[in-house]
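Per our numbering, residue 10 is the first one in the sequence shown, and the count goes up by one each step.
Note that beta-carbon positions come from the ideal geometry of N, C-alpha and C, so glycine has one too.
Computed from a prediction, not measured in an experiment: that's the story for all the values here.
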Amino acid sequence: MRIDILSAVPALLEGPFSASIVGRAQKAGIVEVVVHDIRKWSTNKHKKIDDPPYGGEAGMVMAIQPIVDAIAELKSQRPYDEIIFLTPDGPRLEQGTVNQLSMADNLLMLCGHYKGIDQRIRETVITREISIGDYVLSGGELAAAVLADAIVRLVPGAIGDGASALSDSFQDGLLAPPVYTRPAEWNGLRVPEVLLGGDHAKIEVWKAAQALERTQRLRPDLLDGNQGQDDGKKEPDSRR
Ligand code: 6GU
């Protein structure tokens, strides 16, 4: 898999992909993450990448020219499965979308800045929009890092124990059950007896009950069945 990220602040993305699972997956040749500075495509003599919005609103908008030229050049080099715009006003990211994106060969991510990008680009060039939650970051970079990390760990070979990803929180719509390790008693607190007993059927029943109880207590919204705001579609036009 290859992930290209278009950014106005590429320095923000230097760290997250060099260590741990994503770093190892890159070294193993399983994935390649390439960060591009949008300024490289600015034809403005000051390498400007913003423009004022029509309508006299405060703040700036990302300039059309560098974005469109960058995406055109990258698209001429490989066919992207998705061109993703990271923006706080997109549909909120959920595990189902991550699973879907982990099967892609080539992904292009555009990190939003300022007041965002021209609506016409969103409607014609962007194929999917993603927010990582209901709060505002100073740019889409950290959101792109979150998204890329969540995707890459699902690419076959990225995690040593592939089965581990299947038991993550959210994969079955529930939070994961609690985990315990040595010693069996710590500070007077014992590991639940069932986990020490070695009866695997019993352990599975216990884990399922714990997962359900934790989800009911901490994230009842996951059980309502109406968290489906991330349906993988984007509004309103999804021409590529
Ligand atoms: Cl994708 N971008 C920004 N700037 N803020 C966010 C976000 C994205 N997702 C949540 N907050």
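In this chain, the alpha helix (DSSP H) harbouring residue 209 covers 209 to 227. The stretch 64 to 72 and the stretch 119 to 129 touch, with no fewer than 3 CB-CB distances between them shorter than 8 Å. Only residues of its own chain outside the window of five on either side were considered, and among them 156, 159, 160 and 163 have a CB closer than 8 Å to the CB of residue 107, listed in chain order. Between residue 47 and residue 79, the C-beta gap is smaller than 7 Å, which places the two residues in contact. Counting every other CB atom within 10 Å of its CB across the protein chains shown gives residue 10 a total of 16 or more, marking it as buried. Here the C-alpha atom of residue 120 lies approximately 10 Å from the C-alpha atom of residue 76. Secondary structure at residue 60: strand, using DSSP grouped into helix, strand and coil. Counting along the chain, the unbroken alpha helix (DSSP H) around residue 77 starts and ends at 73 to 86. Residue 161: member of the alpha helix (DSSP H) spanning 150 to 161, first to last residue.
Taking 6 Å as the cut-off, one finds at least one heavy atom of the ligand 6GU near enough to the beta carbon of residue 149.
Going by beta carbons, residue 58 and residue 113 fall outside the 7 Å limit. If you check the C-beta of residue 145 against the ligand 6GU, you find a heavy atom less than 6 Å away. Residue 183 places its beta carbon 7 Å or farther from that of residue 139. As DSSP reads the structure, residue 92 sits in a beta bridge with 117. Assignment of beta strand (DSSP E) within the stretch 101 to 145, counting only whole runs of 3 or more residues, yields 115 to 120 and 137 to 139 in chain order. With 16 or more other Cβ atoms inside 10 Å of its own Cβ, residue 89 counts as buried. In the three-state scheme derived from DSSP, where H, G and I count as helix and E and B as strand, residue 194 is classed as strand. In the displayed model, residue 170 falls within coil according to three-state DSSP, outside both helix and strand.
Not one heavy atom of the ligand 6GU sits closer than 6 Å to the Cβ of residue 106.
With a threshold of 6 Å, the Cβ atom of residue 166 does not count as near the ligand 6GU, since no heavy atom of the ligand is closer than that. If you draw a straight line from the Cα of residue 172 to the Cα of residue 30, it is about 15 Å long. For the set 117, 146 and 226, the Cα lying nearest the Cα of residue 136 is the one of 117. Looking at the backbone, the Cα of residue 32 and that of residue 65 are separated by about 44 Å. Selection 203, 207 and 230 evaluated against residue 218 yields 203 as nearest (Cα-Cα).
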